[in-house]
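Peer 1:
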Ligand code: ATP
Ligand code: MG
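Numbering (my numbering), first residue to last: 1 to 416.
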């Protein structure tokens with residue numbers, strides 16, 4: 001046994017659980033292609049300032065949870081805690097706004113947050129996310145939300161609910177923040193230092209607080225929907241009309257706010273109703289961020305997107321997805337047959353079939369055990385007689401039925 005273990009909160013993904021990951025990734029790539037979203041891969045690390053500027057210093061993920069360090073050149077570097085800021089950085093760095101009016105990207109990769117761990121919450125986790133730049137239209141909001149819901153449905157997860165809200169824009173936000181402050185301020189002396197700090201720096205985030213003591217206050221807090229400007233109100237109404245048109249079910253949650261600073265207008269979350277995830281029941285969330293690109297020094301480009309936590313989806317899926325077992329396991333009885341078995345397996349693999357054997361060979365008993373372990377559909381024993389006749393008995397493991405098959409017709413039989 002090694003004295004080393006993986007860093008706290010960072011998990012190895014091993015077989016057979018990895019089958020569920022592959023299944024999820026396959027559906028993700030397929031779905032994104034159908035909707036016309038192209039994959040973007042950015043580095044794991046970025047300049048720390050990218051996140052402080054965009055996600056916001058007062059947000060939890062930047063203020064408390066970021067893995068940041070000085071590299072050997074003295075640069076401030078952070079392991080990405082989320083994917084929207086890196087995507088926006090890449091969008092600007094490669095001048096996409098000058099090359100095309102509409103850019104639709106998705107990403108799939110690890111994120112890092114120094115969090116307290118519990119079910120569904122680790123320090124390295126995986127996100128699938130989409131970013132649509134260039135359209136402020138409600139149709140773009142509806143499209144990405146429907147995409148998220150469709151992805152969940154394709155995974156066969158029925159118990160996930162879409163909650164939506166509007167957070168208004170720069171014209172309506174300040175007045176709302178004043179009302180939130182006025183609501184919470186008289187109770188500041190009963191609040192934790194953390195909550196007091198949030199009240200001073202980012203009062204809207206109090207609505208997202210998980211502190212028990214704040215519950216009753218949150219329940220009666222003013223909601224953004226009552227303070228929306230006309231533009232945001234019309235936008236929100238249109239988003240709802242389009243979701244209905246597309247047959248997407250949703251509930252309006254007027255207390256839904258997002259943890260990051262950059263959101264404007266639409267905000268939404270996908271919440272699992274099953275108990276599996278405990279308090280980490282939100283599988284994904286997103287919204288509109290029409291000022292983010294500008295905030296990072298670019299032109300005014302509207303954008304909307306979301307991110308989903310794949311680890312949480314894997315927990316919900318359980319071990320439903322399993323890779324196909326090999327169709328054939330070949331068992332040689334002696335040294336010459338061992339060569340022939342390896343050669344036959346190689347040919348069949350080149351033919352596109354999943355074929356296995358034990359390169360140690362060893363006793364037939366041990367080989368049969370291995371064949372059963374990998375769940376091979378058929379087994380085939382190779383010895384001198386079989387090599388001479390270029391044919392062997394193909395035995396179906398499930399019922400023990402045997403039939404003689406020549407090597408020449410083997411691929412066709414296995415494929416049938
Ligand atoms: P939560 O409220 O659960 O902390 P969040 O608002 O911090 O979520 P986002 O930043 O919106 O999460 O990230 C989108 C998704 O990424 C989440 O809904 C979740 O599925 C996943 N996620 C976020 N943090 C973690 C984590 N520490 N471990 C596993 N998955 C995570
Ligand atoms: Mg969080």
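Note that beta-carbon positions come from the ideal geometry of N, C-alpha and C, so glycine has one too.
CA-CA distance, residue 210 and residue 229?
Peer 2: Each residue's Cα considered, the two are about 29 Å apart.
Peer 1: Which residue comes first and which comes last in the beta strand (DSSP E) that contains residue 265?
Peer 2: Here the beta strand (DSSP E) through residue 265 covers 264-272.
Peer 1: Please give the ranges of any alpha helix (DSSP H) in the stretch 217-282, keeping only runs that are unbroken, at least 4 residues long and fully inside the region.
Peer 2: For the stretch 217-282, whole alpha helix (DSSP H) runs of length 4 or above, ordered along the chain, are 230-245.
Peer 1: In this structure, how does DSSP classify residue 382 when only helix, strand and coil are distinguished?
Peer 2: Strand.
Peer 1: Quick check on residue 81: buried or exposed, where buried means 16 or more other Cβ atoms within 10 Å of its Cβ?
Peer 2: Result: buried.
Peer 1: For a test of your reading of the model: does the CB of residue 311 fall under 8 Å from any non-hydrogen atom of the ligand ATP? Yes or no.
Peer 2: Yes, the ligand ATP has a heavy atom inside 8 Å of this Cβ.
Peer 1: Around the C-beta of residue 244, are 16 or more other C-beta atoms found within 10 angstroms, so that it is buried, or is it exposed?
Peer 2: Exposed.
Peer 1: Any heavy atom of the ligand ATP closer than 8 Å to the CB of residue 60?
Peer 2: Flag set: Cβ of residue 60 near the ligand ATP.
Peer 1: Only counting runs of 3 or more residues, tell me where the beta strand (DSSP E) segments fall wholly within the stretch 62-146, in order along the chain.
Peer 2: Segments of the beta strand (DSSP E) lying fully in the stretch 62-146: 67-70, 76-79, 103-112 and 124-133.
Peer 1: Distance, Cα to Cα, residue 300 vs residue 46?
Peer 2: Residue 300 and residue 46: Cα-Cα distance of roughly 23 Å.
Peer 1: Ends of the alpha helix (DSSP H) at residue 164?
Peer 2: No alpha helix (DSSP H) holds residue 164; the beta strand (DSSP E) holding it covers 160-166.
Peer 1: For residue 37, which of helix, strand or coil comes out of DSSP?
Peer 2: DSSP places residue 37 in coil when its eight states are reduced to three.
Peer 1: Of the choices 167, 165, 150 and 166, whose alpha-carbon is the least far from that of residue 159?
Peer 2: Of the listed residues, the one whose Cα sits closest to residue 159 is 150.
Peer 1: State the CB to CB distance for the pair residue 407 and residue 390, rounded to an integer number of angstroms; the pair is presumed to be in contact (CB under 8 Å).
Peer 2: Contact holds; Cβ gap of about 5 Å.
Peer 1: Could you tell me the distance, in whole angstroms, from the CA atom of residue 361 to the CA atom of residue 285?
Peer 2: Between residue 361 and residue 285, the C-alpha separation is close to 51 Å.
Peer 1: Which residues does DSSP list as the beta-bridge partners of residue 45?
Peer 2: According to DSSP, which records beta bridges pairwise, residue 45 is partnered with 79.
Peer 1: From residue 134 to residue 413, what does the alpha carbon distance come to, in whole angstroms?
Peer 2: In a straight line, the C-alpha of residue 134 is about 53 Å away from that of residue 413.
Peer 1: Report the option in 83, 363 and 188 whose CA atom is closest to the CA atom of residue 308.
Peer 2: Selected option, being the one with the closest Cα: 83.
Peer 1: Is residue 282 near the ligand ATP, in the sense that its beta carbon is under 8 Å from a heavy atom of that ligand?
Peer 2: Yes, the ligand ATP has a heavy atom inside 8 Å of this Cβ.
Peer 1: Helix, strand or coil for residue 300, going by three-state DSSP, please let me know.
Peer 2: Looking at residue 300 - three-state DSSP - the assignment turns out to be coil, as it is neither helix nor strand.
Peer 1: Report the three-state DSSP secondary structure of residue 354 (helix, strand or coil).
Peer 2: In this structure, residue 354 counts as coil in the three-state DSSP scheme.
Peer 1: Where residue 109 and residue 152 are concerned, what is the direct C-alpha to C-alpha distance, given to the nearest angstrom?
Peer 2: The straight-line gap from Cα to Cα measures roughly 18 Å.
Peer 1: Could you compute how far the alpha carbon of residue 388 sits from the alpha carbon of residue 382?
Peer 2: Cα to Cα, residue 388 sits roughly 10 Å from residue 382.
Peer 1: Go through its chain and collect everything with a Cβ distance to residue 253's Cβ below 6 Å, but skip five positions before and after it.
Peer 2: So the list reads 163 and 165, once near-sequence residues are dropped.
Peer 1: According to the neighbour-count rule (16 or more other Cβ atoms, all chains shown, within 10 Å of its Cβ), is residue 338 buried or exposed?
Peer 2: The residue in question, residue 338, is buried, as its Cβ has 16 or more Cβ neighbours within 10 Å.
Peer 1: What is the residue span of the alpha helix (DSSP H) that residue 310 lies within?
Peer 2: 310-317 is the extent of the alpha helix (DSSP H) around residue 310.
Peer 1: With respect to the alpha helix (DSSP H) encompassing residue 369, which residues constitute its N-terminal and C-terminal limits?
Peer 2: Where residue 369 is concerned, the enclosing alpha helix (DSSP H) stretches over 364-374.
Peer 1: Report the partner residues of residue 405 according to the DSSP bridge assignment.
Peer 2: Residue 405 pairs with 392.
Peer 1: Buried or exposed: where does residue 71 fall if 16 or more other Cβ atoms within 10 Å of its Cβ makes it buried?
Peer 2: Exposed is the call here.
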